[in-house]
Each structure stands twice: as structure tokens, then as C-alpha cells.
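Chains as they are written, first to last, in this note's numbering: chain R, 1 to 230; chain Z, 1001 to 1230.
Here is the structure we will look at.
There are 2 protein chains.
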Amino acid sequence: MPGTLTWQWIAAEARRRIAARLWPPGARIPDEADLAAEFGCARATVNRALRELAAAGLLVRRRKAGSFVAAHPVRKATFEIPVIRQDVEARGLRHGYRLIVAETLPAPAAVQARLGLAPHAPLLHLLALHLADGLPFCIEDRWLNPAIPGVAGADFATVSANEWLVQNRPFSGGGIAFSAQAADPQLAGLLGCTPGAALFVVERETWAGAEPITAVRLTYAPGYSVAATI
Amino acid sequence: MPGTLTWQWIAAEARRRIAARLWPPGARIPDEADLAAEFGCARATVNRALRELAAAGLLVRRRKAGSFVAAHPVRKATFEIPVIRQDVEARGLRHGYRLIVAETLPAPAAVQARLGLAPHAPLLHLLALHLADGLPFCIEDRWLNPAIPGVAGADFATVSANEWLVQNRPFSGGGIAFSAQAADPQLAGLLGCTPGAALFVVERETWAGAEPITAVRLTYAPGYSVAATI
DNA sequence: TAGTGGTCTAGACCACTCA
DNA sequence: GAGTGGTCTAGACCACTAT
């Protein structure tokens, strides 16, 4: 009960009680008002602390019902999604970029579905290679909505679409998925690895409101991994 | 400016201004006090809104200096880390579990390093297979600190360590990493896939305070992916 | 209907850090 | 030294929902 910042101390104390089974899984914990009285602070302070625990997945809060210890403590991990150039430079390497294909054509059905577009709608297709110290780092295979302002005038041979979008077309939402894929001959050739090598794949779709912006598939050279703290 | 909840409306308005380059990347935005005056609300309400944007990576906030639009908008994605059984059942499949190996021996150097343990410290090593509708779903390769209370009495032939830990040893922190790996003959045999297949791998370490709990490597059958919204 | 969390206010003090 | 964000308070009203 020392002079630590109050809401963080309350949050830590609540974690302790959950860990110690004073508040067992599924149990209802005291009211915000009761806890405020116990800790000798304002209810808003307790609210702030419990909100954090709920965001961390340790509590489930329901109006009128109360706050409950999560029966199945689903942990959450937050990953940062950096721009590829920064990702390379953060490793102390020099970033390089090479545009391979730029064409406008109807997207494959799978891409159309991901973006919720009408069939046969022509999209700008970009295939590019990112390099780290001259070695293949990542393949950027992107489909871009040509209706986006500024796309027509952008020079994707100089600036990667990845970076152009970050700086020019902030998105409001989207989805991201991680998976593993074996290198087919084309990927192996571009990445300079053996065919069949296990590659880490990131697929991402982004929207600005209801309008689709882009769908991209990033295929990383062998050895890539994504890390976070939980 | 209609009757939406205030802090969420302020957060949305701030996002709009950032997207519209009214507040360009790197620029300093007005004080909390100024914004409160502009929006006609209390400073705490503005604070709540801007704190959300900072957590989302769109703003960088520094005392005395002010709040700045992030120069490189690092997006963040939050993934849920479910218990494997729930992961299977959420797909509408029946979960099965089979313990393959349980032994106590000094961990490999890599595992010792991940957990910060002294060399030659004996750990409980568990190798188990999770099934979905009878088919291999995931291999759980785990090293467990035997000093953890209750471990000695747990029956990991019946309950997976994954599930036992979640229900008995809440952790306070740790790390998680995603990567891709080719199936070696042993993995291929256990997962019923062809050797060389690209597999999705999750590695996780957890601690309770300063004490290491476990290091685990989850190798998923081909086709597995992890998704989130951003 | 009534209890609970969600939010807002107006004011205050503090901690950090830039100038 | 002074400006800014970080936090706390005491009180209030509202929204949702279990009963």
C-alpha cells in the first residue's frame, strides 16, 4: 500500500488476487464502489484499473451483472506491424527495393473476395522485392484499388507501395493473418532459397471506411520471425 | 458533432485530422487544454481520447513537449492466444490429446537461455499431440520448471500442460514468436504430413514474476494460420 | 425496476522534461 | 523555470441488462 501510482497498484493487486485464487476463475469480484472504499480511492480510479485488466483478458465486465474473473484466461499479444524498410533497418541492415511487375488487370477471385469487390474489376497489381544488405528479404505481392487518389501519379518503381500507402493513405481498419507456405519455384527464385523451403507469410487487407484500399501478401525469406511480449 | 459518446467522437475526429493531413506526420497537435476548449468538454475527456490514439501508435506523447503525430505510423495488431482445446473447438471440431513423452532431464542450452536458467538444471520435458476430429492438429513440445507447485501431482497424460497451466499457474509475463519451419521426419510422422511441408510454429516463454514457468514450442499441422483485425 | 459499469465534469496536484 | 501530459477526486448522469 505504499505510494505507488494508484491505478497501477490496484491493477497489480487485482492480478495478485486472481493469481492467488482469492478471486477464482468465473467468480464475481466486488463492485467498483466497494473496491474504491477498500482501497480508499475514487471509483474512477478503480474503474481505470479494472478496465486495463478487462482489456488484458483477465476480467469480463458486464453492466448490472458485475465484473468476473475470466473462466478461460485468453491472453492477448500485441504485435507491431512496421513498414518493411524500418523492419530491415531495425536489424541494422541496409534496405533495398526493386519493382518487378506493375500491371492493371482483373484480380483473382480470392483477392476480389478479400476486398469485397465486384468480379472483373481491374486492380493495380504490383510485385516487388525488398532487400536487406542486398539479399532478398521479402516479396511484396500487392493488389491496389486504382480509385485511390494519388495512385495514378505515384512511382512505385522508386517508392514501395508499402511505404507510399503508409504515408499517403492511412487506413481505418482491416485484417491480418500469419501463416506458413512452402516456396514454389517462382518464390524460391526471387528469394534465393531452395524450392520447398518453409516461408513465413503475412496477408493483410486494409480499408478506408467502407472502401477497400489494398490486399497484400508478404512472403519472407527463410528465418524470418515475428515476436512480441505478453 | 452529434450526440455520440464524447471521447470516442474526439478520437475519431483526431483520426480524421491525421488522415486528412490537417495534422501531418511529425506535427505537434494542440494542447489537451486547447482541444478541450475547442470541443467543449473536460480535459480528462480529451486525455482519454488521445491516450487511445497513442496506444494505437498514431500519436507520440511527451510531457512538456506535447503530442505529436507519429512520423511512421506503426500499426499494431492484437492477437488472442487461446488454449489449444478451445482453438480446436472454436473450429467446430472435437479436441483430442495424447501424451507421447514425459521425462525429466537437463534442457537444451537454447531452452535454458530462453528461460534464464542455470545450465544442467533438470526440467520436465513433455511432448504431446493435440488432435482435431482425430487428425493431428498441433504438437506441444514443452519444458516445464519442476519447482512449480502442483507440477509433481499433475497428470499430464489426461490434461495437457497447456490447459493445466492456464488453470493453475497464471503467468505475469513472457514472450511469443511466430515463424515457419519445414517438417523434419519426426514432425512429419507425428503430424501425418509429408516431410518438408511448411509448418507454422509458435514459441512462447512465460514467467511468474522473476521465476520461469515454461518454454513451449507449438508446431501446427499444415494449413494453420493466425488472424486478427487491425 | 434496480444495480452495475461507462462516461463526463471541474478542479487539483504532481512528474517529467524541454528550453 | 515553466509548460505539458499523467493522474486523482468527488460527484453526477446515463446505458445497459439481469432479475
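Backbone N, C-alpha and C define an ideal beta-carbon position, used for all residues, glycine too.
Because the structure is a prediction, the values reported are computed rather than measured.
In the DSSP annotation of this structure, the continuous segment of the alpha helix (DSSP H) that includes residue 190 (chain R) starts and ends at 185-191. Per DSSP, reduced to three states, the secondary structure at residue 1009 (chain Z) is helical. For residue 114 (chain R), the number of other beta carbons within 10 angstroms of its own is at least 16, and it is reported as buried. 166: these are the residues of the stretch 134-166 of chain R whose beta carbon lies less than 9 Å from some beta carbon of chain Z, given in chain order. Taking 3 residues as the minimum length, the beta strand (DSSP E) runs contained wholly in the stretch 1007-1082 of chain Z are 1059-1062, 1066-1069, 1075-1081, in order along the chain. Residue contact with chain R for residue 1200 (chain Z): present (Cβ-Cβ distance below 9 Å to some residue of chain R). Neighbours of residue 1076 (chain Z) in chain R, taken as residues at a C-beta separation under 8 Å, are given in chain order as 78, 79, 80, 81. For residue 98 (chain R), the closest Cβ of chain Z is not nearer than 9 Å. If you look at residue 1198 (chain Z), you'll find it in the beta strand (DSSP E) that goes 1198-1208. Under the 9 Å criterion on CB atoms, residue 1015 (chain Z) is classed as interfacial with respect to chain R. Among the residues of chain R, those whose CB is under 7 Å from the CB of residue 1226 (chain Z) are 177, 178, following chain order. DSSP, read as helix, strand or coil, puts residue 169 (chain R) in coil. Taking all protein chains shown into account, residue 1066 (chain Z) has fewer than 16 neighbouring C-beta atoms within 10 Å of its C-beta and is therefore exposed. At least one CB atom of chain R sits nearer than 9 Å to the CB of residue 1197 (chain Z). One alpha carbon belongs to residue 1110 (chain Z), the other to residue 1200 (chain Z), and they sit about 20 Å apart. Following the DSSP letters along the chain, one finds residue 1141 (chain Z) inside the beta strand (DSSP E) bounded by residues 1135-1144.
Interface annotation, residue 185 (chain R): not in contact with chain Z, CB-CB separation never under 9 Å.
Scanning chain Z for C-beta atoms nearer than 8 Å to the C-beta of residue 173 (chain R) yields 1229, 1230, reported in chain order. No Cβ of chain Z is located within less than 9 Å of the beta carbon of residue 130 (chain R).
The alpha carbon of residue 182 (chain R) has as its nearest neighbour, out of Z:1008, Z:1122, Z:1195, Z:1187, the alpha carbon of Z:1195. Between residue 214 (chain R) and residue 161 (chain R), the gap from beta carbon to beta carbon is short of 9 Å. When DSSP reads this structure, residue 1215 (chain Z) sits in a beta bridge with Z:1143, Z:1205. Using a Cβ-Cβ distance cut-off of 8 Å, the stretch 1094-1108 of chain Z and the stretch 1044-1061 of chain Z are not in contact, since fewer than three pairs of beta carbons, one from each stretch, lie closer than that value.
The three-state reading of DSSP puts residue 182 (chain R) in strand, counting E and B together. Counting only the Cα atoms, residue 152 (chain R) lies some 43 Å from residue 75 (chain R). Using a Cβ distance threshold of 9 Å, residue 165 (chain R) and residue 128 (chain R) do not count as a contacting pair. Here residue 91 (chain R) carries a coil assignment [DSSP, helix/strand/coil]. Bounds of any beta strand (DSSP E) do not take in residue 152 (chain R), whose DSSP letter is neither H nor E.
Within the same chain, 1088, 1093 come within 6 Å of residue 1132 (chain Z) by CB-CB distance, once the 5 residues on both sides are set aside. For residue 1073 (chain Z), same chain residues with a beta-carbon under 7 Å away, outside a window of 5 residues either side, are 1057, 1058 in chain order.
It is roughly 15 Å from the alpha-carbon of residue 179 (chain R) to the alpha-carbon of residue 140 (chain R). Here the alpha carbons of residue 137 (chain R) and residue 1071 (chain Z) stand approximately 24 Å from one another.
Annotated three-state conformation of residue 84 (chain R) is helix, per DSSP. What residue 1170 (chain Z) touches in chain R, judged by beta-carbon distance under 7 Å, is 18, 19, 73, going in chain order.
Going by DSSP, residue 1221 (chain Z) is part of no alpha helix (DSSP H) at all; its letter is neither H nor E. One finds 1198 in chain Z with Cβ atoms closer than 7 Å to the Cβ of residue 181 (chain R), taken in chain order.
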